[in-house]
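What follows is a short report on a single structure.
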Amino acid sequence: MSGATSAPTARALDVIELLARAEETRLRFSDIVSELGLTQATAHAILTTLRDRGWAERDPVDKSFSLGPAAAVVAARLDAARPLTRSARAAAAVVHRDVGYPTSVVERIDDALVMTAIEGGDPRHPAGIPGDRIPYAPPFGVAFAAWDTLDQQRAWIHRAASTDPEVEGRLHGILTRTRERGFDIDWTTPALAQHAQLAGTMLGAGLPPHIRRTLEQLLAEFATVGYLSDDDPARETRPVVTIAAPVLDDRQRVRLIVGVHPLCALNAVQIDAIGQRLTKATAAVDCS
């Protein structure tokens, strides 16, 4: 639910999420301050509170921070509290076993897409880690938008920050083709995704008109950068980043998506085989 937010609460959650993403990385006080742009006083107050409540703990030798036992208590309750995510994660594990590529579960939280689970992958070159967050705006989230209402599809398209009718038409075409096919195919590499997010944050008030026009043109290109038409020869050579299919409830509303991340070039037969295996798995996820 969108609305008024609490900045202190957001900062505390930012720290918890950073600790959760760190995995084997040892985060010192200075790392947390730098990564989140906090003042030392604010970071100290948050970490002291989290330690007192058991949400964070500090290694007495190297002084690094990690999640505390309170997080484990919540984690132990997640499967019972979120059965749909548990079922989707089980489906992702089966698909990963069958196709051999990393497979993720992604959920929508307001205007963001959050990876909540991933199966498989190379730790040195991960397809993503739980907690990764990207904006729900073109070119991201096609598998959500393609099954949404027309009004919500228009809202997603408008987040592309482009007023070009041609771009809008291309995005409508992508959604239609994705729904017909049953799954999304995305060629947006991690580097392109980072550039797209950066360009989006730069488009604000106070820019000179000629720079704003340039940024708008760039965003228009990024809006469809991950899509290649069926007759585009580049489909055979560009790495396929994600093949994603939605989990639909009995009203045909998207609850979450499961995605396969080949991160390599695939031919049309290989892509279709993964897509069909994926849609079979997502259709079997229990949404009750």
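Under full-length UniProt numbering, the first residue of the sequence shown carries the number 1, and numbering increases by one thereafter. Beta carbons are placed, not taken as given, at the ideal position from N, Cα and C, and that holds for glycine.
In this structure, DSSP gives F140 a state outside helix and strand, which the three-state scheme calls coil. Judged by their CB atoms, D186 and G226 are nearer to each other than the 8 angstroms cut-off.
Unbroken alpha helix (DSSP H) stretches of 4 residues or longer found wholly inside the stretch 38 to 124: 40 to 52, 69 to 81, 83 to 99, given in chain order. According to the DSSP assignment, A7 belongs to no beta strand (DSSP E) but to the alpha helix (DSSP H) extending over 7 to 22. Judged by DSSP in its simplified three-state form, P135 adopts strand. Inter-residue distance for A41 and R89 is about 39 angstroms (C-alpha atoms, whole angstroms).
Inclusion of T103 and V269 in the CB contact set at 8 angstroms is not warranted, their separation being larger than that value. Take C264, set aside five residues on each side of it, and the residues of its chain with a beta-carbon closer than 6 angstroms to its own are P239, in chain order. In the three-state scheme derived from DSSP, where H, G and I count as helix and E and B as strand, T178 is classed as helix. Pairing D164 with L218, the inter-Cα distance amounts to about 12 angstroms.
For E17, the closest of D132, V247, D148 by C-alpha to C-alpha distance is D132. Distance from P139 to F222 at the Cβ level is roughly 6 angstroms; contact confirmed, criterion being Cβ atoms closer than 8 angstroms. Boundaries of the alpha helix (DSSP H) around V33: 29 to 36.
Taking a 10 Å sphere around the C-beta of L256, we find 16 or more other C-beta atoms and assign the residue as buried. Residue environment: I243 is assigned as buried (16 or more neighbouring CB atoms within 10 Å of its CB, all protein chains considered). Sorting L113, T39, L47 by C-alpha distance to the C-alpha of L13 places L47 at the top.
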